[in-house]
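Accompanying notes for the structure given below.
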Ligand SMILES: [Zn+2]
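In the numbering used here, the protein residues as written are 2 to 117.
If you want it as structure tokens, here you go:
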């Protein structure tokens, strides 16, 4: 039998009768303790916190005369007002912001550069 396997270019491996894939037997596994049980969290750590409006949380009133605040929501290169997904404001504050910026531009309180 072995000779025929060697003649074909294959090696024949013979496992001993005591060979096992898993060395530990069920009697050797220690009993489970309370430290091994899964930890149950009260709050899901992967949920995102809801985005809060900057102006509503701080209580700042929008005014066209507050040019430094308004300038943060306007692109300095194009003069465009940033969208809601960038400013993070709620719908009412975004509408008030657009109106205040329009008035600010009308009175030349806000500016933007024009590249020519
Ligand atoms: Zn808001």
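Note that beta-carbon positions come from the ideal geometry of N, C-alpha and C, so glycine has one too.
Keep in mind the model is a prediction, meaning the values are calculated, not measured.
- Task: Would you mind stating whether residue 74 and residue 56 have Cβ atoms separated by less than 8 Å?
- Result: no
- Message: Tell me the DSSP secondary structure of residue 104 in three-state form.
- Response: helix
- Just confirm the distance between the C-beta atoms of residue 65 and residue 101, as a whole number of angstroms; I'd bet it's less than 8 Å. 5 Å
- Of all the options 111, 38, 41, 34, which has the alpha carbon lying nearest to the alpha carbon of residue 78? 111
- Please state whether DSSP places residue 61 in a helix, a strand or coil. coil
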